[in-house]
């Protein structure tokens with residue numbers, strides 16, 4: 005089990021109803037962790053359309069979930 | 005014979021020593037007219053590197069020299 | 003030095019432009035992205051931009067650094083707005099100086115393309131007919 | 003309407019830019035050509051631009067009209083200086099608005115390329131080591 009902080013942006017934040025939350029999870033990887041959160045919050049976006057960041061830097065979906073980390077799921081961007 | 009006004013720009017003006025002059029010529033075409041002026045003023049630029057304009061619009065070197073027209077020889081441009 | 007930044011408020015272009023003054027610069031290319039009154043056939047009233055600030059700034063700097071590696075430029079800047087914007091308001095500005103125009107144009111284009119593609123900023127459109135929508139292209 | 007003009011004196015960009023304000027414009031691309039302190043390895047002190055004004059204005063308008071035919075743009079302007087210019091001074095400005103950036107960039111590039119290639123304006127460079135030379139590339 006790892007306790008982590010999750011940041012939500014744009015449509016993910018609207019769906020989650022919060023900008024961030026502290027979550028305890030037994031997921032082995034970031035990919036598995038998103039699957040859990042997607043089920044909980046009903047996120048429309050599949051993992052293939054997202055990128056993931058840990059501690060303010062892009063990370064790999066196969067990275068392990070590490071205790072105390074700050075994880076952000078990045079929906080398709082639309083700046084400019 | 006036709007009397008025309010000639011406008012000189014940039015290095016042609018420096019070589020001619022005037023910005024414009026009134027010239028009488030028996031040249032049949034603008035090409036022949038430039039050849040006469042080139043000889044007179046010692047212009048370095050061959051006709052192939054110039055364009056020619058008559059009355060403020062680009063013209064063809066094979067156009068006839070017309071009485072009273074205003075002729076400009078256009079050296080390679082270097083704006084911008 | 004920070005070449006990319008986020009601005010939560012309207013920003014002026016003149017100081018950004020002057021920061022790029024350089025006697026070696028024969029060419030300056032700039033791009034302004036502004037809020038359009040329509041998108042994909044729908045009338046738009048305004049926008050909201052949200053950013054993941056820490057990552058957006060890091061990724062924006064990376065884009066600018068890549069522009070320096072790829073093109074023979076003297077300097078470059080990019081500023082992106084966040085928050086609420088009205089029609090016609092400046093959303094993003096890119097400015098690039100170079101000795102020659104090829105590099106200035108290419109780098110300016112590179113920066114705006116990459117910023118739009120990679121930097122974590124999201125647009126929520128507000129429609130004239132009512133409703134809002136996050137854009138996740 | 004005159005979209006291309008010659009300016010015998012320094013000109014400000016802001017009024018030119020504002021003349022292009024348009025709620026339909028999501029993209030604005032601009033180019034500034036400035037006097038560089040060097041050219042082909044020689045130190046340059048300043049420039050003089052001379053134009054065949056009547057023909058330059060007509061040919062400049064033609065270039066802008068072609069940009070409208072070729073690219074999906076909303077508006078475009080170009081101003082070119084004449085007379086004496088110091089290092090860093092603005093020699094030419096091009097601004098283009100469009101709904102989207104592809105057209106804005108392409109048209110901006112087209113205008114500066116064609117103006118440089120076709121419009122009867124000539125540059126005389128003044129060298130730091132002394133001497134001046136007309137550029138006839």
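Residue numbers (our numbering), protein chains in the order written: chain A, 5 to 84; chain B, 5 to 84; chain C, 3 to 139; chain D, 3 to 139. Think of the CB as a built atom: it goes at the ideal place given N, C-alpha and C, for glycine as much as any other residue. Every value quoted in this text rests on a predicted model; they were computed, and no experiment measured them.
Could you check whether the Cβ of residue 109 (chain D) sits closer than 8 Å to any Cβ belonging to chain B? Output row for residue 109 (chain D): interface = no.
If we ignore side chains and look at the alpha-carbon of each, how far apart do residue 53 (chain A) and residue 31 (chain D) end up? Rounded to the nearest whole angstrom, the C-alpha separation of residue 53 (chain A) and residue 31 (chain D) is 31 Å.
Identify the contact partners of residue 35 (chain C) in chain A, using a Cβ-Cβ distance below 9 Å as the criterion. Neighbours of residue 35 (chain C) on chain A, chain order: 83 and 84.
Could you tell me which whole alpha helix (DSSP H) segments of length 4 or greater appear in the segment 50 to 106 of chain D? Unbroken alpha helix (DSSP H) stretches of 4 residues or longer found wholly inside the segment 50 to 106 of chain D: 55 to 72, given in chain order.
With a threshold of 7 Å on Cβ separation, who are the neighbours of residue 48 (chain C) within its own chain once the five nearest residues in sequence on each side are excluded? These residues qualify, in order along the chain: 37, 86, 87, 88, 89 and 128.
Under 9 Å between beta-carbons, which chain D residues line up against residue 34 (chain B)? List them in chain order, please. The contacting residues do not exist; residue 34 (chain B) stays about 15 Å from chain D at best.
Applying the criterion that 16 or more other CB atoms from any shown protein chain within 10 Å of the CB defines a buried residue, is residue 15 (chain B) buried or exposed? Under this definition residue 15 (chain B) is a buried residue.
For residue 104 (chain D), tell me which candidate among C:33, C:62 and C:19 has the shortest Cα-Cα distance. Nearest in C-alpha terms to residue 104 (chain D), of all of C:33, C:62 and C:19, is C:33.
Start and end of the beta strand (DSSP E) containing residue 129 (chain D)? Here the beta strand (DSSP E) through residue 129 (chain D) covers 123 to 129.
Residue 51 (chain D) and residue 118 (chain D) - do their beta-carbons sit closer together than 8 Å? No.
Whole-angstrom distance between residue 12 (chain C) and residue 61 (chain B), CA atom to CA atom: Spanning the two alpha carbons is a distance of roughly 47 Å.
With a 10 Å radius around its C-beta and 16 neighbouring C-beta atoms as the bar for buried, classify residue 102 (chain C) as buried or exposed. Its Cβ having fewer than 16 others within 10 Å, residue 102 (chain C) is exposed.
Cβ-based neighbour list, residue 69 (chain D), same chain, cut-off 6 Å, excluding 5 preceding and 5 following: Its chain contains 78, 109, 112 and 113 as the residues whose beta carbon lies nearer than 6 Å to that of residue 69 (chain D), once the 5 sequence neighbours on both sides are disregarded; these appear in chain order.
When we look at the beta-carbon of residue 65 (chain C) and count the other beta-carbons within 10 Å, is it buried (16 or more) or exposed? So residue 65 (chain C) ends up on the buried side.
Residues in the same chain with beta-carbon distance under 7 Å from residue 73 (chain B), minus the five sequence neighbours each way, listed in chain order, please. Counting only Cβ-Cβ distances below 7 Å, and skipping sequence neighbours, we find 8, 58 and 59.
Using a Cβ-Cβ cut-off of less than 9 Å, list which residues of the segment 66 to 81 of chain A approach chain C; keep chain order. Of all residues in the segment 66 to 81 of chain A, the ones placed with a Cβ closer than 9 Å to any Cβ belonging to chain C are 76, 78, 79, 80 and 81, in chain order.
According to DSSP, is residue 15 (chain B) part of a helix, a strand, or is it coil? Residue state, collapsed to three classes: helix.
Since residue 43 (chain C) meets chain D, which of its residues come closer than 9 Å, beta carbon to beta carbon? From the beta-carbon of residue 43 (chain C), no residue of chain D is found nearer than 9 Å; the closest lies around 12 Å away.
So, with DSSP's three-state summary, where would you put residue 27 (chain A)? In the structure shown, residue 27 (chain A) falls within a strand segment according to DSSP collapsed to helix, strand and coil.
Would you identify the three-state DSSP class for residue 28 (chain D), choosing helix, strand or coil? In the structure shown, residue 28 (chain D) sits in coil (DSSP, three-state: anything other than H, G, I, E or B).
CB of residue 77 (chain A) within 8 Å of CB of residue 38 (chain A), strictly: Taking 8 Å as the Cβ cut-off, residue 77 (chain A) and residue 38 (chain A) qualify as a contacting pair.
On a CA-only basis, which of C:14, C:122 and C:131 is nearest residue 80 (chain A)? Give me that one, please. Looking at the Cα atoms, C:122 is the closest of the given residues.
Under 8 Å from the C-beta of residue 94 (chain C): neighbouring residues of chain A: Those within 8 Å of residue 94 (chain C) in chain A are 83 and 84.
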